[in-house]
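*Asks:* Below: one structure in structure tokens.
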Amino acid sequence: MKIAISSDHGGNNLRKEIMELLEELGFTYEDFGPKDDRSVDYPDYALPVAQGVATGEFDKGILICGTGIGMSIAANKVKGIRCALVHDVFSAKATRCHNDSNIIAMGERVIGAGLAREIVSAWLQTDFEGGRHERRIEKISALEE
3 MKIAISSDHG
13 GNNLRKEIME
23 LLEELGFTYE
33 DFGPKDDRSV
43 DYPDYALPVA
53 QGVATGEFDK
63 GILICGTGIG
73 MSIAANKVKG
83 IRCALVHDVF
93 SAKATRCHND
103 SNIIAMGERV
113 IGAGLAREIV
123 SAWLQTDFEG
133 GRHERRIEKI
143 SALEE
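One rule links them: number in the numbering used here = place in the sequence shown (from 1) + 2.
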């Protein structure tokens with residue numbers, strides 16, 4: 003599985019923590035930055051991750067900003083993206099099982115590194131259930147056209 007990851011300046015520390023986790027778990031990833039802590043605009047960093055996932059270059063994406071809200075809104079503007087903002091393990095699992103989310107967004111100012119690691123681990127290890135949920139995903143996709 004190949005993962006795209008990015009943050010804005012408000013999510014830099016947590017992004018680094020999650021990249022360490024991805025290495026520990028043996029996942030291949032590409033870091034889209036930013037390279038330092040200077041203020042940046044989150045849509046500029048959400049877009050390459052969302053486009054990479056939408057085109058199939060990456061299997062999944064992880065976005066982090068101060069709250070996760072801006073990143074998730076920006077990513078969801080890209081056709082084919084189902085980015086879920088999550089700050090607990092239950093929601094991380096549910097969004098994979100029921101919504102087939104392909105990007106996860108989190109807020110560094112909302113949760114700590116330990117919980118973020120648990121969330122990402124659960125999200126990456128949970129499969130889409132399909133079945134009755136497939137019909138709902140198709141309806142979401144139809145809204146994009």
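Where a beta carbon is used, it is the ideal one built from N, C-alpha and C, also for glycine.
Here the structure is a predicted model, which is why all the values come from computation and not from measurement.
If you measure between the beta carbons of Ala77 and Val51, is that distance less than 8 Å?
*Replies:* As a position in the sequence shown, residue 77 is number 75, starting the count at 1. As a position in the sequence shown, residue 51 is number 49, starting the count at 1. Against a cut-off of 8 Å, the Cβ pair of Val51 and Ala77 comes out as a contact.
*Asks:* Hey, could you find the ends of the alpha helix (DSSP H) Ile5 is sitting in?
*Replies:* The sequence position of residue 5 within the sequence shown is 3, counting from 1. Run containing Ile5: none in the alpha helix (DSSP H); it sits in the beta strand (DSSP E), Lys4 to Ser9.
*Asks:* Strictly by DSSP, which residues pair up with Thr97?
*Replies:* Working through the sequence shown from its first residue, we reach residue 97 at position 95. Thr97 is not bridged to any residue.
*Asks:* Return the residue from the list Asp10, Glu19, Leu23 and Asp38 that minimises the CA-CA distance to Ala49.
*Replies:* Translated into positions along the sequence shown, residue 49 becomes position 47. Correcting the residue identity first, residue 49 is Leu in this sequence and not Ala. Closest option to Leu49, Cα to Cα, is Asp10.
*Asks:* Give the C-beta separation of Ile64 and Ile7 to the nearest angstrom, bearing in mind that I take them to be a contact with Cβ-Cβ under 8 Å.
*Replies:* For the purposes of this step, residue 64 is identified with residue 62 of the sequence shown, where counting begins at 1. For the purposes of this step, residue 7 is identified with residue 5 of the sequence shown, where counting begins at 1. Between the beta-carbon of Ile64 and that of Ile7 there is about 4 Å, and that keeps the pair under the 8 Å contact cut.
*Asks:* What span of residues does the alpha helix (DSSP H) with Ile142 cover, start to end?
*Replies:* On the sequence shown, position 140 is the one that residue 142 refers to. Run containing Ile142: Arg134 to Leu145, per the alpha helix (DSSP H) assignment.
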